[in-house]
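**Q** One point on numbering: in full-length UniProt numbering, the residue at position 108 of the sequence shown is 108, and numbering is uninterrupted.
Even for Gly, the Cβ is constructed at its ideal location relative to N, Cα and C.
One structure is given below, represented as structure tokens, and several questions about it will come after.
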Amino acid sequence: MAENDAHGPPLDQVPADAVRADVELYDMSDVADFSWHSVLKATGDEWTCVAWCMDVGLLSKAMTCPKCPCAMTYDAAKKRWRCRRRACDGLGNVQIGVRTGLWFQRSKLPMTKVVRVLFAWASRRPVSAVVAEEELSMETGVDWYNYCCELCSMEMLLTPMMVGGPGVTVEIDETSMKKKSKYNRGRHYPEHWVFGGVDRATGKWFGVITGADRTKPTLSRLIKKHVSPGSHIISDKFGSYVSSNEQHTLANNPLLADQGYTHEWVNHTENFVNPINGAHTQSIEGAWEIRIKRFSKAMRGMHRPHLPSYLDEYLWRSWFFAHGSDSKAYFKGFVCAIRRYNATVQ
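Quick look at the structure:
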């Protein structure tokens with residue numbers, strides 16, 4: 001998540017009643033119907049594909065006329081809903097495109113290509129391979145992958161993304177997404193930091209792009225937002241967490257006074273594990289290695305407006321799916337996310 005998302009409002013600007021109390025996992029009961037074999041069968045021709053999209057909820061299966069309460073008729077040849085009522089015909093033959101008001105509204109690509117691109121994105125296939133197979137321009141392929149990431153952002157905006165709990169250990173850390181100049185020469189790249197935490201009990205994690213801001217007020221606010229009261233927090237000895245004399249910590253931080261946190265830390269300049277209390281941040285460093293750092297090389301140097309949605313994609317795959325989920329599960333989940341979006345705009 002980002003502090004100032006280009007694709008949507010920050011989490012603290014989303015109405016409180018819109019944020020879900022907990023993560024609403026997707027229904028995976030018929031996930032076998034979303035395999036690559038099923039997608040190939042469904043996208044054999046445009047008519048078959050549109051019918052499949054209606055069956056799975058990507059497109060509306062029924063439509064009510066906006067001028068009268070009557071059900072509209074679908075014209076498959078023109079891909080439009082039409083009201084056959086004579087009174088509406090007199091008002092200009094009311095028609096609605098099959099994609100109107102839905103997530104696909106601005107797209108002109110055939111639905112056969114759209115569905116295959118969505119499956120490719122869910123499968124983490126390189127966009128370069130997809131544009132070659134579907135005969136798309138690179139710009140179109142990149143745009144579609146960005147649309148998918150933006151929908152992940154919408155899902156995460158409505159997810160509390162809270163970790164920890166009374167007595168539960170949460171490790172926090174930050175990592176730089178700054179692109180490094182070779183031999184310290186050439187262009188100077190801006191600093192982009194990702195701050196986050198991992199719940200040792202569940203493995204759930206959160207991540208927030210803070211830009212260059214790693215100040216105590218900013219990180220304290222994010223800890224309060226994403227780490228449940230009563231959690232036991234372990235960190236390194238960064239100045240925003242622990243003062244140099246070790247008198248000021250997250251446990252007595254006045255910005256976190258009502259949270260009941262306990263806090264231990266390790267000084268990484270001296271040890272990887274605190275020799276006195278055994279505190280370490282190896283879980284989050286492992287999570288960062290798996291979830292962030294292995295992607296950071298490709299993400300380094302990316303324009304800041306694109307960073308939040310890419311991070312949100314990784315968060316979305318972690319929060320809404322079981323560990324080890326495959327392509328058909330991610331695709332089915334993404335279809336569910338589109339259905340949720342469509343339900344909010346209709």
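Check this for me: beta carbons of Ala51 and Ser327, under 8 Å apart or not?
**A** No; because the gap between Cβ atoms is not below 8 Å, this pair is not in contact.
**Q** Please identify the residue among Arg99, Leu25, Phe119 whose C-alpha is closest to the C-alpha of Lys78.
**A** Residue Arg99 is the option with its Cα nearest to Lys78.
**Q** Who are the near neighbours of Ser235 in its chain, counting only those whose CB is closer than 6 Å to its CB and skipping five residues on each side?
**A** If we look at Ser235 and ignore the five residues flanking it on each side, its Cβ neighbours are Ile172, Tyr241, Trp265.
**Q** Can you tell me which of the three DSSP states residue 348 falls into?
**A** No answer is possible for residue 348: the residues shown for the chain start at 1 and end at 346.
**Q** Let's see if you can read the secondary structure: which residues bound the beta strand (DSSP E) around Val31?
**A** Looking at the DSSP string, Val31 is not in any beta strand (DSSP E), and its letter there is neither H nor E.
**Q** Can you give the Cα-Cα distance for Lys225 and Met162, rounded to whole angstroms?
**A** Their backbone Cα atoms lie some 7 Å apart in a straight line.
**Q** Using C-beta distances below 7 Å, list every residue in its chain close to Ala120, excluding the 5 sequence neighbours before and after it, in chain order.
**A** Closer than 7 Å at Cβ, skipping near neighbours: Val130.
**Q** Are the segment 97-113 and the segment 41-55 in contact at 8 Å, needing three or more beta carbon pairs?
**A** A contact exists between the segment 97-113 and the segment 41-55.
**Q** DSSP state of Glu313, grouped into three classes?
**A** Correct three-state label for Glu313: helix.
**Q** List in chain order: all unbroken beta strand (DSSP E) runs of 3+ residues lying wholly within the segment 89-164.
**A** Qualifying beta strand (DSSP E) stretches, in chain order: 95-97.
**Q** Beta strand (DSSP E) containing Asp236: first to last residue?
**A** Run containing Asp236: 232-236, per the beta strand (DSSP E) assignment.
**Q** State the Cα-Cα distance for the pair Asn342 and Thr262, rounded to the nearest angstrom.
**A** Answer to the nearest angstrom: the Cα atoms are 43 Å apart.
**Q** So is Lys182 buried or exposed if we call it buried at 16+ other beta carbons inside 10 Å?
**A** Here Lys182 scores only 47 on pLDDT, less than 50, and its place in the model is too uncertain to base an answer on.
**Q** Taking the beta strand (DSSP E) that Phe195 falls in, what are its first and last residues?
**A** Run containing Phe195: 193-199, per the beta strand (DSSP E) assignment.
**Q** Report yes if the CB atom of Val168 is closer than 8 Å to the CB atom of Leu311, and no otherwise.
**A** In this structure, Leu311 does not lie closer than 8 Å to Val168 by Cβ.
**Q** Is it true that the CB of Lys332 sits closer than 8 Å to the CB of Tyr26?
**A** Cβ distance < 8 Å, so Tyr26 and Lys332 count as in contact.
**Q** Quick check: what's the CA-CA separation for Trp144 versus Ile96?
**A** Between Trp144 and Ile96, the C-alpha separation is close to 24 Å.
**Q** Could you check if Cys49 belongs to the surroundings of the ligand ATP, using beta carbon to heavy atom distance under 7 Å?
**A** The ligand ATP is not among the ligands present in this structure, which contains no ligands whatsoever.
**Q** Could you tell me the distance, in whole angstroms, from the CA atom of Ile233 to the CA atom of Val198?
**A** Approximately 10 Å, taken between the alpha carbons.
**Q** Give the DSSP-derived three-state secondary structure of Gly211 in the structure shown.
**A** Gly211: strand per DSSP, three-state reduction.
**Q** Measure the Cβ-Cβ separation of Glu150 and Ser309 and say whether it is below 8 Å.
**A** Going by C-beta atoms, Glu150 is nearer than 8 Å to Ser309.
**Q** By alpha-carbon positions, which one of Trp103, Ser244, Trp81, Leu102 ends up nearest to Asn93?
**A** Answer by Cα proximity: Trp81.
**Q** Is the Cβ-Cβ distance between Pro217 and Leu250 less than 8 Å?
**A** No. Outside cutoff.
**Q** Among Trp319, Gln247, Phe206, which one has its Cα closest to the Cα of Glu174?
**A** Taking only the C-alpha atoms, the option nearest Glu174 is Phe206.
**Q** Helix, strand or coil for His263 per DSSP?
**A** Looking at His263 - three-state DSSP - the assignment turns out to be strand.
**Q** How should Ala329 be labelled, buried or exposed, when 16 other C-beta atoms within 10 angstroms of its C-beta is the threshold for buried?
**A** Buried, because 16 or more other Cβ atoms sit within 10 Å of the Cβ of Ala329.
**Q** So, is Ser137 buried or exposed, given that buried needs 16 or more other C-beta atoms within 10 angstroms?
**A** The residue in question, Ser137, is exposed, as its Cβ has fewer than 16 Cβ neighbours within 10 Å.
**Q** In terms of alpha-carbon separation, which member of Cys336, Glu191, Thr344, Val345 lies closest to Ser29?
**A** Answer by Cα proximity: Cys336.
**Q** Going by beta carbon distance, what residues of the same chain come within less than 7 Å of Leu219, once the five residues before and after it are set aside?
**A** Around Leu219: Phe195, Ser240.
**Q** Please report how far the alpha carbon of Trp316 lies from the alpha carbon of Val56, in whole angstroms.
**A** Spanning the two alpha carbons is a distance of roughly 21 Å.
**Q** How many Å lie between Arg214 and His192 at the Cα?
**A** If you take the alpha carbons of Arg214 and His192, they lie about 10 Å apart.
**Q** For a test of the three-state rule: what should DSSP assign to Arg85, helix, strand or coil?
**A** If DSSP states are grouped into helix, strand and coil, Arg85 belongs with coil.
**Q** Rounding to the nearest angstrom, what Cα-Cα distance links Glu246 and Asn267 in this structure?
**A** Taking the straight line from one Cα to the other gives about 11 Å.
**Q** Verify whether the separation of the beta carbon atoms of Ala42 and Cys68 is less than 8 Å.
**A** No.
**Q** What does DSSP give as the partner residues of Glu171 in its beta bridges?
**A** Paired residues: Val198, Ile234.
**Q** Cα separation between Gly203 and Ala76?
**A** Cα to Cα, the separation comes out at about 47 Å.
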